[in-house]
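If you read the protein sequences in the order shown, they are chains A and B. If you count by the numbering used here, then the first sequence holds residues 896 to 1042, one letter each, in order. If you count by the numbering used here, then the second sequence holds residues 896 to 1042, one letter each, in order. Ideal Cβ placement from N, Cα and C applies to all residues, glycine included. Quick caveat, the model's predicted, so the values are computed rather than measured.
There are 2 protein chains.
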Amino acid sequence: MQNSEALALTAVLLAAAGELTQRINDGVLARGFEARPAYGFAFTRLAPDGATVTELGAHLGVTKQAASQLVEELVRKGYAERRPHPEDARARLIVLTERGWECTRAAEEAAAEAVRSWVAVLGEGQVRLLRDQLSRIAPHGPIRPAW
Amino acid sequence: MQNSEALALTAVLLAAAGELTQRINDGVLARGFEARPAYGFAFTRLAPDGATVTELGAHLGVTKQAASQLVEELVRKGYAERRPHPEDARARLIVLTERGWECTRAAEEAAAEAVRSWVAVLGEGQVRLLRDQLSRIAPHGPIRPAW
DNA sequence: GAAAATGGTCAAGCAGCTTGACTACTTGAC
DNA sequence: GTCAAGTAGTCAAGCTGCTTGACCATTTTC
């Protein structure tokens, strides 16, 4: 594979990721939630059993201070709440509120809607293959903005 | 495809795009260029015959003011230069300098290097397929940060 | 128990974008 | 030709989301 092709791959990858992200965010906004893309990735970490601020920061690849600011924002908008941590009095467990869960479901719906247009072009099997291939090469590190 | 799978696709897509972008940037830095990811996407627009500030802004999906600041940065670092536009005295044609071309080639090499690790996992054919599939669904609009 | 490490927050600073205002030039109507 | 409207580019100020640095409360380590 030529060098220029590798750069082209990067470009389409970024373009696809960027478009998908934006369409999901638009869909979430259209469903009446005040959100930005980072929320979604925070939600996926908070969803199962909650997380501490530091854990959230690690998941998003930002400092704990930045994560703390994000949490403050989520709390202010009613998507999450701080609870005392059951095992560590220094820490707080950040969990989703009911509205936070609603917003998460809205994001999933919006994502499904956006992906549907890809299915229309490539077919379901190819999209599934795409996801499987990407999951094999995607890093397991933090989710970060692409630049 | 379930809603949650669609969100998972978005996550791996972003993770892959983000990692690739960062590895390319690291590779470019390692080759002795002072750069950030946005440069690469600016270069691809400037490369063939140059472009105006406004055109560059449209390509990157930012305002012409932001594009103007980026150009100022590229000029200051020696990657590009402003020339009078041959057909419009209001405009300036921004073209790459020799060092700008070198940086572009460095980015291509770094990209090829990063993609090579994917080829090692998926095989060349699958990576090529990946690129082809993505290019069919990637928007033809501006290249923007994923969030 | 004391020292070091860790979780969280406050505060200040910074990078990269935005909007608004302006000048220089071009385009189009008459 | 002339003049109004539109466009290219820049300057300036402001905003957002991150960073680094400092600090307190609590936990861990020895």
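Check whether the Cβ atoms of residue i and residue j lie closer than 9 Å to each other.
{"i": "V990 (chain A)", "j": "A975 (chain A)", "result": "yes"}
{"i": "Y934 (chain B)", "j": "L988 (chain B)", "result": "no"}
{"i": "G922 (chain B)", "j": "E1004 (chain B)", "result": "yes"}
{"i": "N898 (chain A)", "j": "A953 (chain B)", "result": "no"}
{"i": "L951 (chain B)", "j": "A942 (chain B)", "result": "no"}
{"i": "A1002 (chain A)", "j": "I919 (chain A)", "result": "yes"}
{"i": "G973 (chain B)", "j": "T999 (chain B)", "result": "no"}
Between the alpha carbons of residue i and residue j, how many angstroms are there, rounded?
{"i": "V966 (chain B)", "j": "R940 (chain A)", "result": "38 Å"}
{"i": "A910 (chain A)", "j": "A1033 (chain A)", "result": "16 Å"}
{"i": "V1016 (chain A)", "j": "L1029 (chain B)", "result": "11 Å"}
{"i": "V948 (chain A)", "j": "L904 (chain A)", "result": "35 Å"}
{"i": "L955 (chain B)", "j": "L924 (chain B)", "result": "21 Å"}
{"i": "R931 (chain A)", "j": "R994 (chain A)", "result": "15 Å"}
{"i": "E1008 (chain A)", "j": "F938 (chain A)", "result": "19 Å"}
{"i": "E997 (chain B)", "j": "R1011 (chain A)", "result": "41 Å"}
{"i": "P979 (chain A)", "j": "A986 (chain A)", "result": "7 Å"}
{"i": "I1038 (chain A)", "j": "P981 (chain B)", "result": "45 Å"}
{"i": "L902 (chain B)", "j": "L1024 (chain A)", "result": "15 Å"}
{"i": "G1036 (chain A)", "j": "R971 (chain A)", "result": "28 Å"}
{"i": "K959 (chain B)", "j": "R977 (chain A)", "result": "42 Å"}
{"i": "E900 (chain A)", "j": "E900 (chain B)", "result": "29 Å"}
{"i": "L908 (chain B)", "j": "V907 (chain A)", "result": "11 Å"}
{"i": "G1020 (chain B)", "j": "Q964 (chain A)", "result": "44 Å"}
Is residue i buried or exposed, if buried means 16 or more other CB atoms sit within 10 Å of its CB?
{"i": "R1026 (chain B)", "result": "buried"}
{"i": "E929 (chain B)", "result": "exposed"}
{"i": "E914 (chain B)", "result": "buried"}
Only counting the same chain, and skipping five residues up and downstream in sequence, which positions put a Cβ closer than 7 Å to that of residue i?
{"i": "V1014 (chain B)", "result": "V1022"}
{"i": "G1018 (chain B)", "result": "none"}
Ordered along the chain, which non-local residues of its own chain (more than five positions away) have a Cβ less than 8 Å from that of residue i?
{"i": "R926 (chain B)", "result": "A1001, E1004 and A1005"}
{"i": "F936 (chain A)", "result": "H954, L955 and I1038"}
Please go through the same chain and pick out, in chain order, the residues whose beta-carbon is closer than 6 Å to the beta-carbon of residue i, but skip the five residues on each side of it.
{"i": "T916 (chain A)", "result": "P932"}
{"i": "R1031 (chain A)", "result": "none"}
Note to self: Please give the ranges of any alpha helix (DSSP H) in the region 908-960 of chain A, keeping only runs that are unbroken, at least 4 residues long and fully inside the region.
What the structure shows: 932-941 and 948-955
Check: What are the complete alpha helix (DSSP H) segments, minimum 4 residues, inside the region 954-1031 of chain B?
Finding: 959-971 and 993-1017
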